[in-house]
Amino acid sequence: MSDVLFQSLRVGNLELKNRLILGPMAVLQPQKDGRPSAQTIAFLEARARGGVGMIIVGGAIGTRRGNDEAPFQPLLRMDIEAYLPELREVAEVVKSHGVPIIAEVMTGFGRMGVARNGEDIISASPLNVVIPENRFPQGIIVPGGRTTPMPREAAAAEIKALEAETIETCLRMQRAGWDGVEIPAHMSYFAASFSSPRTNWRTDEYGGTAENRARFLVNIVSAVRQHAGADFVIGLRITAEEHVEGGQDATGYAELAKLVEAAGLDYVALSDGCYETMDVSTPAKDGGLIDSGAAKIFRETLKVPVLLQGLHDPENARSALVSNCGDAVMLARPLLADPNYVNKLQQGKLEDMIRCDRQNYCIRRLAFNMPVRCSANPEMGREARAGKSAPASRWLPGALERIVLGITGSKTFMGLVRALMTLKRG
Ligand SMILES: Cc1cc2nc3c(=O)[nH]c(=O)nc-3n(C[C@H](O)[C@H](O)[C@H](O)COP(=O)(O)O)c2cc1C
Ligand code: SF4
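Each residue of the sequence shown is one higher than the last, beginning at 69 in the working numbering.
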């Protein structure tokens, strides 16, 4: 029998050659003004060459507000019409390898936003994010945890303006030759804040019933479907389960996804947990969505393909698809560690595969707003300058980055910081 991972899959009008997809990641190193760079293209092209069935481009922004409040900068700007020719070039390069390309269109960072230019951060309801010290991903030490600033409740007019701008961006990406868009409603971001009764206690048309909590997403998806036509792929990335006391479970999220599906979705991509439970979102081991039963609930509730995350081992990915927990697997960190993961798997060269160690050096760099690199793959993040040494402009920042990461990654140093903080509190 043929390997399920290499069976084709229909997603909207697209025929994927296999079921292994590059998951969205903010690792693109665009230019300072948010235009794609040679590195953006080289990173994506290496993964397209490496055999994936589809590429979902993360670290991308669909609104002006999203860009201004982004916790990591610069991100790829898709909200600017003048960038269309360069965005088209990105799609052309990826598609020249027979790989479809989808843009993750971030509406806004909501509870994870950073207030800049005198602007407030906004969310469905005023609830900030508290990440306890023990809920960070493996390898990340933050003494005392992290508490984000309190967002303001978004006014209905602000919500509608973000809907309109996101719709415009999605249609721009279609004109730029991309195969589709994905609306991210996970990880405590603006769209996610509406989904759960824990983070949304509004009393207007955007709060209360599941229909109201889904309204922001339904309005975007139905308008994009209406204007883009049947052939443009529209996906949704959604939290599967919050894993927080009083949080929404998989049944609640799947019901919400079903309402958005009816507005014209072609796929649903799952994410697990939220910023309060980052250790679940970027897990230290395989299979969280499978073991909790969450994936199965989504698969049974929805008609469209369900994309899974958190399955690094091909054997686990295979077993998840065979047991009908989902239809395809998104690989994020495994494809930083090895852009040729899929080709090597298909050729049976498992021993040549560079495995992700899940120590999250990549995320530590992202958290410090440094260009993302991978401890297992020295070429990651430098694909555009293969074989060449670092440009002079990187010498000083590169050295400083090594010092900052060295100090903050040391458990002894961070233990000292924690002790000093306890003294101060006492
Ligand atoms: C460096 C880095 C950047 C990420 N950026 C994004 C992003 O822009 N959008 C998104 O939806 N998920 C992002 N993620 C989360 C991944 O898509 C994925 O859900 C997570 O890493 C777990 O999957 P994995 O075990 O295959 O890495 C990022 C993850 C990493 C490691
Ligand atoms: S730095 Fe590389 S090896 Fe380490 S967790 Fe990130 S992707 Fe995996």
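All C-beta atoms in this analysis are idealised placements derived from N, C-alpha and C, irrespective of residue type, glycine included.
Taking non-hydrogen atoms of ligand 2 into account, the C-beta of residue 94 is found less than 6 angstroms away from none of them. According to the DSSP assignment, residue 83 belongs to the beta strand (DSSP E) that extends over 82 to 84.
Within the chosen limit of 6 angstroms, ligand 2 reaches the beta carbon of residue 425 through at least one heavy atom. Residue 151 carries a helical assignment under DSSP once its states are collapsed to helix, strand and coil. Measuring C-alpha to C-alpha distances from residue 160 to each of 215, 149 and 247 identifies 247 as the nearest. Looking at 181, 212 and 396, the one whose alpha-carbon comes closest to that of residue 222 is 181.
A contact is defined here as three or more CB-CB pairs under 8 angstroms, and the region 394 to 405 meets this definition with respect to the region 369 to 383. By the Cβ criterion, the region 284 to 301 is not in contact with the region 207 to 226, since fewer than three pairs of Cβ atoms, one from each stretch, lie closer than 8 angstroms. Rounded to whole angstroms, residue 166 and residue 478 show a C-alpha spacing of 44 angstroms. Listed in chain order, the alpha helix (DSSP H) elements of length 4 or more contained wholly in the region 444 to 477 are 460 to 476. Runs of the alpha helix (DSSP H) lying entirely within the region 209 to 245 and spanning at least 4 residues, in chain order: 224 to 243. Under the 8 angstroms Cβ criterion, the region 444 to 451 counts as touching the region 398 to 417, having at least three qualifying pairs. With 16 or more other CB atoms across the displayed protein chains lying within 10 angstroms of its CB, residue 345 is buried. If the five residues before and after residue 348 are omitted, its C-beta is found closer than 7 angstroms to the C-beta atoms of 311, 340, 341 and 356, all from its own chain and listed in chain order. Along the region 70 to 130, the alpha helix (DSSP H) occurs as fully enclosed runs of 4 or more residues at 106 to 117, listed in sequence order. Residue state for residue 307 is assigned as strand, using DSSP reduced to three classes. Taking 6 angstroms as the cut-off, the C-beta of residue 443 counts as close to a heavy atom of ligand 2.
Closer than 6 angstroms to some heavy atom of ligand 1: that does not describe the Cβ of residue 82. The Cβ atoms of residue 362 and residue 308 lie closer than 7 angstroms to each other. Secondary structure at residue 343: helix, using DSSP grouped into helix, strand and coil. For residue 288, the CB contacts under 8 angstroms within the same chain, skipping 5 residues up- and downstream, are 175, 231, 234, 235, 238 and 251 in chain order. If you compare the alpha carbons of 306, 145 and 387 with that of residue 259, the shortest gap goes to 306. In this chain, the alpha helix (DSSP H) harbouring residue 286 covers 283 to 296.
Remark: C-beta atoms of residue 189 and residue 343 do not approach each other more closely than 7 angstroms. Taken through DSSP and simplified to helix, strand or coil, residue 376 comes out as strand. Looking at 78, 391, 94 and 269, the one whose alpha-carbon comes closest to that of residue 87 is 78. Less than 7 angstroms divides the Cβ of residue 332 from the Cβ of residue 290. Inclusion of residue 263 and residue 283 in the CB contact set at 7 angstroms is not warranted, their separation being larger than that value. Under the criterion of beta carbons closer than 8 angstroms, residue 183 and residue 128 do not qualify as touching, at roughly 21 angstroms.
The region 316 to 364 contains, as complete beta strand (DSSP E) runs of 3+ residues, the segments 335 to 339 (chain order).
Comparing C-alpha distances from residue 439 to each of 119, 105, 83 and 91 shows the shortest one belongs to 105.
Distance from the Cα of residue 359 is smallest, within the candidate group 381, 338 and 393, for 393. Judged by DSSP secondary structure, residue 382 falls outside any beta strand (DSSP E) and instead within the alpha helix (DSSP H) spanning 382 to 390. Per the DSSP secondary-structure output, residue 256 pairs with nothing in a beta bridge. By the CB criterion at 7 angstroms, residue 168 and residue 122 fall inside the cutoff. Taken from the Cβ of residue 430, at least one heavy atom of ligand 1 lies inside 6 angstroms.
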